[in-house]
Structures are given as structure tokens and as C-alpha cells.
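Be aware that the sequence shown starts at 1, since it is given in this note's numbering, and climbs by one per residue. Where a beta carbon is used, it is the ideal one built from N, C-alpha and C, also for glycine.
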Amino acid sequence: ALKATLEAFPEVEKVGYVSREQALEEFRARHENDELTLQALDELGDNPLGAVLNIKTKEPSQYEGVADFLKSSPVLSKEGKPIIDRVNYFQNKVAIDRLVTIIRQSEESNLAKTLILAVVSIIVMFNTIRLTIYISREEIAVMRLVGASNTYIRGPFVVVGIMYGIIAGLLAMAAFYPLTYWLGPLFYPFPFFLGDNIGDLTLFDYYLAHFGELFLIVVLCGVALGGISSFLTVRRYLKV
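Below you can see the structure in the form of C-alpha cells.
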């Protein structure tokens, strides 16, 4: 009932339920190399862990409202006892507030940075294709003499620009791997949602979890910038 109530909140994106048994299994998996902890757990006999509801809101700033609801409106069991033992938000509030601040500042500056980098990329590609056209001027002259079509002459330069964009995207993804690994500890720990569980956010974890999405975005942006810049360069400098 509580899970359904939370899922009905407009600011809640997803609610994941972890049973006591699953929580115990995950705890054992996380400490599989810690024999002392596992031994102490076995000596307890009973499962000391409780069930967990992992809540993901649409915006980090919305966690406080959900946490306040859980704190001010305790849900009672049939026996009249509160079923909520602890709301972890208040323990992670400093980290979440810091994350919200970083996200807000990033959103304010990312558009300008993206536009600047896009313009720089187009200028670099512009000059690269122009140099390629200059180097290939004799081959272009021969193709004109034998009656090659405009598309046949211009096409390879556009393809080269697209290939440059793909290569640049692949190099960027390769560079992100060590960078996120080294910079990850600077942003630890932040709560983040992955699947049905909440873990501790590092840039490296986020990079691995969203590798497919990041790969498509970076490579497609490289293709778009390379294709557009090479097309504009060919139209300006290659008169056929």
C-alpha cells in the first residue's frame, strides 16, 4: 500500500521494493570477501535486515518533500506500529543538497559550453577539410576533366568529415574511462538510482551504467558536427 501511494506522487519516478531476504542476499554479496562480517551475521541466526523502499524522484530537489511526507505521516501496521524505521534522506541530506547545487550550476553553464565547443569543433573541421581540398586539388582537376559529377567530387570530403567525427567520438569515450575513474572519488558519495536499488554515486559508476547512452550521444554529435562542417566547407571552397 505504501509503495502504491508513493508511486502515485507526481514527483516520484520509480519505487523499488527490496525484501528482507533480498537485502540479506545483497549484503552477503557485498561482503563476500569479509569473513568476519559474514561470521558475525551467521552467529546472529535471524535476519537483522529489514525490507527497503528505494525511491527515485524526477528531480533531486524533490527528495525532501517525499521524506517529509514519510516522516510526518507514519504508516502503521495492523498492530498499530510504525512500519517505517528510518528515512535515509536525512542522513544523506548534505550530499543530496550538494548534488542539487552541482546539477543546477552545471545546467546553467552547460549550454554555453556546448555551443562554444560546437563552434570550435566546426572551425577545426572546417580548416581540416579545406586543407584536404587544397592537397587534392590536382585530383579534383582531373575528375573535372573526365566529367565527374558534383556529387561524386564533393561526396568523399563529406564522408571524410563524418569519419573524423566518428573517430573523435570514439577517442572522447576512450578518454572518459580513465577521467571518470580518477575524478570519481571527488564526487563520492552521492545517492543514485540504478535498477531497483540505490547505491553510492561516482562518475565512474555513472559512466559504466550509462555507457550505451553516452556512446550514442557522443558519436552521433561527432557525426553531426563532422558532416555539417565538411558540407559547409565543401560548398564554400570546392567550386564544381
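Between the CA atoms of residue j and residue i - distance to the nearest angstrom
i	j	result
residue 208	residue 223	22 Å
residue 129	residue 89	53 Å
residue 220	residue 123	18 Å
residue 3	residue 19	13 Å
residue 145	residue 181	55 Å
residue 7	residue 203	28 Å
residue 225	residue 132	17 Å
residue 197	residue 112	Because residue 197 carries a pLDDT of 45, less than 50, the predicted location of this residue cannot be relied on, and no value is offered for it.
Delimiting residues of the alpha helix (DSSP H) encompassing residue i
i	result
residue 38	35-44
residue 169	150-183
residue 227	211-237
Burial state of residue i (16 or more Cβ within 10 Å)
i	result
residue 152	exposed
residue 15	buried
residue 58	exposed
residue 50	exposed
residue 72	exposed
residue 29	exposed
residue 67	buried
residue 109	exposed
residue 119	exposed
residue 69	exposed
Residue i: first and last residue of the uninterrupted beta strand (DSSP E) it sits in
i	result
residue 138	Counting along the chain, residue 138 falls outside any beta strand (DSSP E), though it belongs to the alpha helix (DSSP H) covering 137-145.
Alpha helix (DSSP H) runs wholly inside the segment 76-123, at least 4 long, in chain order: none
Kindly confirm or deny that the segment 55-70 and the segment 5-13 touch, where touching means at least three C-beta pairs closer than 8 Å. yes
What runs of the alpha helix (DSSP H), each 4 residues or longer, lie entirely inside the segment 6-35? 20-30
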